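Report on one structure; see the data block that follows.
Number of protein chains: 2
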Amino acid sequence: MGQHNVGVDLETSVGYLLKEASSALRAAMEDVLRPLGMTVTHYSCLELLAQRPGLSNSELARGAFVTRQSMNVLLHALEREGHVTRPAEAPVGKVLPTRLTPRGKRILAKATVAVRSVEDRMLTGLTETERSDALRLLQSMTRSLRAGDDKA
Amino acid sequence: MGQHNVGVDLETSVGYLLKEASSALRAAMEDVLRPLGMTVTHYSCLELLAQRPGLSNSELARGAFVTRQSMNVLLHALEREGHVTRPAEAPVGKVLPTRLTPRGKRILAKATVAVRSVEDRMLTGLTETERSDALRLLQSMTRSLRAGDDKA
DNA sequence: GAATATATGTCAGAATACTGACATGGGTCA
DNA sequence: TGACCCATGTCAGTATTCTGACATATATTC
């Protein structure tokens, strides 16, 4: 039975195609990260820490698009595995700056190569102009969506 | 402390911006669907059924990007709420074609209006050409990602 | 200085989605 | 026809994430 020739107006909805692309990207990332024993959220957290050492739990949560409670349990797991370290006492306030350990940096290096290959595959067939168009369009959509938050 | 001036190369990664946009879209959809007592997955299922009546559980799962097990529990909930109906016996094979009830169509109508307003807001500031560019680029990325599945 | 507001880290419980497994129906092919 | 393979529906258990709540620290305001 498999394929039905669809094509109502799902194929013309930017929202649906955005979700479809994001879902495909996540699945592809999971495929290449699984052999390394990592999940996408794992990787996101480590990559954020590599680019901005000392990020707090809440800042990492925002960067990985999860709640700070979820990031908290993830950080405890990463700490137990020896991939990150957090001071027992907060240097200032309650913020606990997190840093990668050498072990964390090593596994991240492998993961980065794998993930970059996925992103390269995703951009296959697109010109340099089209890639920068994609960047600009995605940024514009995110900005417009957040414009109507009214969270204050 | 709030904002740190970031901008390493997260802002130049199509993958990261894709996740960011998708996350913002999902949050915006949740905001407008919550007053209706619906989740995004609820809505996705109903919208799929409106556009292609008689879809099976597995087909709905693929269209909503969840497993067929997750869609199964969702369908039972929607059936209990009287939004969809499924025959007790499979007309052919094991496939149980699902259909919207009048009640399901009514609530979907409200949800569709709300979701469409979100998508319109997302596309604010983009020209017609840019919108079709977005469609084409997202389709290209999804296709390229799935090209390397090797699932057979 | 005191009060308020905002942000953080954390614990606990609930909701949601996933993986693993099984039986069944249909198609393919020798 | 029978063996095999694939897809489907479903049950059970696990895992991950979220919502709610609380205490604490900083900044802001009067």
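Protein chains in written order, with the UniProt record's numbering: chain V, 1 to 152; chain F, 1 to 152. Where is the CB? At the ideal position from N, CA and C, for every residue including glycine. All values derive from a computational prediction rather than experimental measurement.
At a cut-off of 8 Å between beta carbons, F/T41 makes no contact with chain V. Taking a beta-carbon distance threshold of 8 Å, V/V14 counts as an interface residue toward chain F. About 7 Å separates the beta carbon of F/E119 from that of V/S13, a gap short enough to meet the 8 Å contact definition. Residue contact check for F/T85 against chain V: no CB pair falls below 8 Å.
V/A134 sits buried, since 16 or more C-beta atoms from the chains shown fall within 10 Å of its C-beta. Rounded to the nearest angstrom, the Cβ distance from V/H76 to V/T101 is 15 Å, too far for a contact under 8 Å. The C-beta of V/L145 comes closer than 8 Å to at least one C-beta of chain F.
Between V/S22 and chain F, the shortest Cβ-Cβ separation is below 8 Å. Judged by DSSP secondary structure, F/M141 falls within the alpha helix (DSSP H) whose first and last residues are E128 to A147.
Under a 10 Å Cβ-count criterion, F/K19 is classified as buried, with 16 or more other Cβ atoms of the shown protein chains found around its own Cβ. Nearest Cα to F/L137 within the set V/T129, V/R143, V/E47 and V/S144: V/T129.
For V/T112, the enclosing alpha helix (DSSP H) starts and ends at P102 to M122.
Non-local C-beta neighbours of F/V40 in its own chain, meaning closer than 8 Å and more than five positions away in sequence, comprise R26, M29, E30 and L33, ordered along the chain.
DSSP places V/R52 outside both helix and strand once states are collapsed to three, so it counts as coil. Any Cβ of chain V closer than 8 Å to the Cβ of F/M71 would place that residue at the interface, and such an atom is absent.
As a beta-bridge residue in DSSP terms, F/V95 pairs with F/V92. Between the alpha carbons of F/E79 and F/T85 lies a gap of roughly 6 Å.
Distance between F/G125 and F/G93, taken at the CA atoms: about 49 Å. Residue contact with chain F for V/M38: absent (no Cβ-Cβ distance below 8 Å to any residue of chain F). Under the three-state reduction of DSSP output, F/V66 falls in the coil class, being neither helix nor strand.
With a cutoff of 8 Å on beta-carbon distance, F/Q69 and V/L17 are scored as not near each other. Counting of Cβ neighbours within 10 angstroms places V/V113 among the exposed residues, the total staying below 16.
For F/T127, not one C-beta of chain V is nearer than 8 Å to its own C-beta. Within 9 Å of the CB of F/A28, the CB atoms of chain V belong to L145, R146, G148 and D149, in sequence order along the chain. Scanning chain V for C-beta atoms nearer than 7 Å to the C-beta of F/E130 yields L137, reported in chain order.
For V/T142, the C-beta contacts it makes with chain F under 8 Å involve L17, E20, A21 and A24, in order along the chain. One Cα belongs to V/L60, the other to V/L36, and the distance between them is close to 22 Å. Where V/R26 is concerned, the enclosing alpha helix (DSSP H) starts and stops at V14 to L33.
Cβ neighbours of F/R103 within its own chain (closer than 7 Å, five residues either side excluded): G82 and H83.
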